[in-house]
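Below: one structure, written as structure tokens.
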């Protein structure tokens with residue numbers, strides 16, 4: 001797809017981060033977009049930016065829709081709204097971008113959080129692909145763009161488990177690769193792209209806490225403080241009994257801010273990499289130097305990245321912990 005001008009796109013998770021930047025950049029290139037998210041205020045901000053970026057003439061239409069992608073009924077309603085509001089019987093691009101973190105440990109995380117994370121990160125891709133595939137097939141040229149992660153080939157985080165997120169992202173990767181053959185046989189005018197970002201500067205850590213119903217750090221209960229204290233001890237290597245409640249609250253807050261502010265790649269730059277990959281016809285899009293380094297390391301020595309003293313991880317993530325200015 002050499003040009004997005006005059007095309008119709010659907011973007012999930014469009015209220016912030018990479019999803020927001022995809023909407024804005026697509027609109028700037030003359031593409032109409034339907035964006036969904038749970039954050040209606042975030043969607044409003046996206047729509048405002050997209051309207052300013054779009055060329056004049058009113059040919060580009062950007063709509064926003066509240067939708068929980070893990071809920072099939074809501075996704076079906078979202079699809080019907082897209083058809084109605086854009087007066088279209090087809091779409092050209094489906095960006096399955098929505099995702100959340102959480103459910104890090106199969107042992108210590110709650111079952112509800114584990115399953116919620118999995119249902120958004122994998123179930124959202126499945127539900128939206130089921131709902132929108134007929135509209136992609138109805139186009140003369142279509143792209144299914146699924147966002148996995150480096151955690152789709154490396155099932156861990158630096159010094160921490162990431163079981164729900166990794167399991168979901170592995171599912172997205174496997175599904176996308178399987179669709180290469182499925183689409184080639186059954187809908188050859190529709191292509192698939194698998195996106196695997198590394199560390200990108202978004203508010204996923206902050207937003208995931210909110211989606212899972214966790215309180216702001218200042219309002220954490222004694223039980224939540226105890227759990228966070230143990231987690232901080234594992235990640236930062238600080239004995240749990242040395243961390244005061246105030247230090248734990250500060251660490252929880254700074255982790256989300258650090259992930260957003262200290263990333264090597266911005267959400268806008270990540271969106272550009274993704275769109276350039278689609279334009280070039282690339283089915284496997286690695287986003288960021290860290291993603292490329294981890295991909296190469298996993299292929300060279302799959303065991304190395306799971307060793308706690310891995311020199312590769314130390315090189316790729318030299319400064320994973322929040323620090324004082």
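Numbering (UniProt numbering), first residue to last: 1 to 325. Glycine is no exception: its CB is placed at the ideal position from the N, C-alpha and C atoms. In this text the structure is predicted, and so the values were computed from the model without any measurement.
For residue 160: DSSP bridge partner residues: Here residue 160 corresponds to residue number 160 of the chain shown, with the count starting at 1. Residue pairing by DSSP puts residue 160 in a beta bridge opposite 157.
Neighbour-count burial assignment, residue 185, 16 or more Cβ in a 10 Å radius: Translated into the one-based positions of the chain shown, residue 185 becomes position 185. By the 10 Å Cβ count, residue 185 comes out exposed.
Contiguous beta strand (DSSP E) assignments of at least 3 residues, all confined to the segment 111-148: You should have 142-147.
Whether residue 120 touches residue 163 by CB criterion (7 Å): For this step, residue 120 is matched to residue 120 along the chain shown. For this step, residue 163 is matched to residue 163 along the chain shown. Between residue 120 and residue 163, the CB-CB gap reaches or exceeds 7 Å.
Unbroken beta strand (DSSP E) run spanning residue 285, endpoints: The residue labelled residue 285 in the question sits at position 285 within the chain shown. Counting along the chain, the beta strand (DSSP E) containing residue 285 begins and ends at 284-287.
Limits of the beta strand (DSSP E) - the one that residue 65 falls within: Counting from one through the chain shown, the residue named residue 65 turns up at place 65. First-last of the beta strand (DSSP E) with residue 65: 62-66.
CB contact flag (residue 72, residue 127, <7 Å): Against the chain shown, residue 72 aligns to sequence position 72. Against the chain shown, residue 127 aligns to sequence position 127. Pairing residue 72 with residue 127 gives a Cβ-Cβ distance under 7 Å.
Beta-carbon separation (whole angstroms), residue 79 vs residue 131, contact threshold 8 Å: As a first step, residue 79 is located in the chain shown; it is residue number 79 there, counting from the start. As a first step, residue 131 is located in the chain shown; it is residue number 131 there, counting from the start. Between residue 79 and residue 131, the beta carbon gap of about 4 Å places them in contact (Cβ cut-off 8 Å).
N-terminal and C-terminal residue of the alpha helix (DSSP H) that residue 276 is part of: To locate residue 276, count along the chain shown from 1; it is residue 276. Its alpha helix (DSSP H) spans residues 267-280.
Rounded Cβ spacing between residue 148 and residue 200 (contact assumed at less than 8 Å): Translated into positions along the chain shown, residue 148 becomes position 148. Translated into positions along the chain shown, residue 200 becomes position 200. Cβ atoms of residue 148 and residue 200 stay farther apart than 8 Å, at about 13 Å.
Buried or exposed by the 16-neighbour rule on C-beta atoms within 10 Å, applied to residue 160: To locate residue 160, count along the chain shown from 1; it is residue 160. Exposed.
Residue 165, buried or exposed, once every other Cβ within 10 Å from all chains shown has been counted against 16: Taking the chain shown and counting its residues from 1, one reaches residue 165 at position 165. Classification of residue 165: buried, given that the 10 Å Cβ count is 16 or more.
The segment 96-106 / the segment 207-221 touching (three or more Cβ pairs under 8 Å): Yes, the segment 96-106 is in contact with the segment 207-221.
Buried versus exposed call for residue 229 [16 or more other C-beta atoms within 10 Å across all chains shown]: On the chain shown, position 229 is the one that residue 229 refers to. With 16 or more Cβ atoms within 10 Å of its Cβ, residue 229 is classed as buried.
Cβ shell of residue 155 (< 6 Å), same chain only, five flanking positions each side left out: In the chain shown, residue 155 corresponds to position 155, counting from 1. Closer than 6 Å at Cβ, skipping near neighbours: 166.
Alpha-carbon to alpha-carbon, residue 44 and residue 53: The count along the chain shown starts at 1 and reaches residue 53 at position 53. The count along the chain shown starts at 1 and reaches residue 44 at position 44. Their backbone Cα atoms lie some 14 Å apart in a straight line.
Residues that residue 151 bridges to, as DSSP identifies them: On the chain shown, position 151 is the one that residue 151 refers to. Under DSSP, no beta-bridge partner is assigned to residue 151.
Length of the line joining the Cα atoms of residue 271 and residue 21: Counting from 1 along the chain shown, the entry for residue 271 is found at position 271. Counting from 1 along the chain shown, the entry for residue 21 is found at position 21. Spanning the alpha carbons of residue 271 and residue 21 requires a straight line of approximately 6 Å.
Residue 68 versus residue 276: straight-line alpha-carbon distance, rounded: Mapped onto the chain shown, residue 68 falls at position 68. Mapped onto the chain shown, residue 276 falls at position 276. Taking the straight line from one Cα to the other gives about 28 Å.
Where residue 315 falls: helix, strand or coil (DSSP): Sequence index remark: in the chain shown, residue 315 carries index 315 (1-based). Three-state DSSP puts residue 315 in a helix.
Continuous beta strand (DSSP E) stretch holding residue 94: start and end: Along the chain shown, read from residue 1 onward, the residue named residue 94 stands at position 94. Run containing residue 94: 93-96, per the beta strand (DSSP E) assignment.
Unbroken stretches of the alpha helix (DSSP H), 4 residues or longer, contained in the segment 166-246: Runs of the alpha helix (DSSP H) inside the segment 166-246: 204-211 and 222-236.
Residue of 256, 287 and 219 minimising C-alpha distance to residue 245: Here the question's residue 245 lines up with position 245 in the chain shown. Comparing Cα-Cα distances from residue 245 to each of 256, 287 and 219, the minimum goes to 219.
Inter-residue CB distance, residue 19 and residue 34 (contact presumed, cutoff 8 Å): Mapped onto the chain shown, residue 19 falls at position 19. Mapped onto the chain shown, residue 34 falls at position 34. Under the criterion of beta carbons closer than 8 Å, residue 19 and residue 34 do not qualify as touching, at roughly 12 Å.
Reduced DSSP secondary structure (H/G/I, E/B, other) of residue 8: The sequence position of residue 8 within the chain shown is 8, counting from 1. For residue 8, the secondary structure class from DSSP, reduced to helix, strand or coil, is strand.
Per DSSP, the bridge partner or partners of residue 109: Indexing the chain shown from 1 puts residue 109 at position 109. In DSSP, residue 109 forms no bridge with anything.
Close Cβ partners of residue 306 (< 7 Å) along its chain, the five nearest in sequence each way excluded: Indexing the chain shown from 1 puts residue 306 at position 306. These residues qualify, in order along the chain: 156.
Rounded C-alpha distance that separates residue 376 from residue 134: The chain is shown only over 1 to 325; residue 376 falls outside these bounds and no answer can be derived.
Whole-angstrom C-beta distance between residue 187 and residue 137, which should lie under 8 Å: Counting from 1 along the chain shown, the entry for residue 137 is found at position 137. Counting from 1 along the chain shown, the entry for residue 187 is found at position 187. Separation of the CB atoms of residue 137 and residue 187 is rounded to 5 Å, and the pair is thereby assigned contact status at 8 Å.
Span separating the alpha-carbon of residue 288 from that of residue 10: Taking the chain shown and counting its residues from 1, the one referred to as residue 288 is at position 288. Taking the chain shown and counting its residues from 1, the one referred to as residue 10 is at position 10. Between residue 288 and residue 10, the C-alpha separation is close to 24 Å.
Paired residues, beta bridge with residue 36 - DSSP: Taking the chain shown and counting its residues from 1, the one referred to as residue 36 is at position 36. Here residue 36 is bridged, per DSSP, to 12 and 65.
Cα-Cα separation between residue 171 and residue 97, rounded to whole angstroms: Here the question's residue 171 lines up with position 171 in the chain shown. Here the question's residue 97 lines up with position 97 in the chain shown. Rounded to whole angstroms, the gap between the alpha carbons of residue 171 and residue 97 is 14 Å.
Rounded straight-line distance, which links the Cα of residue 150 to that of residue 95: In the chain shown, residue 95 corresponds to position 95, counting from 1. In the chain shown, residue 150 corresponds to position 150, counting from 1. Looking at the two C-alpha atoms, the distance is approximately 18 Å.
Rounded separation between residue 202 and residue 266 - CA only: Position 202 of the chain shown holds residue 202. Position 266 of the chain shown holds residue 266. Straight through space, the alpha carbons of residue 266 and residue 202 are spaced by roughly 8 Å.
Environment of residue 5 [buried if 16+ CB atoms lie within 10 Å]: Your numbering for residue 5 matches position 5 in the chain shown. Counting Cβ neighbours within 10 Å, residue 5 comes out exposed, since fewer than 16 surround it.
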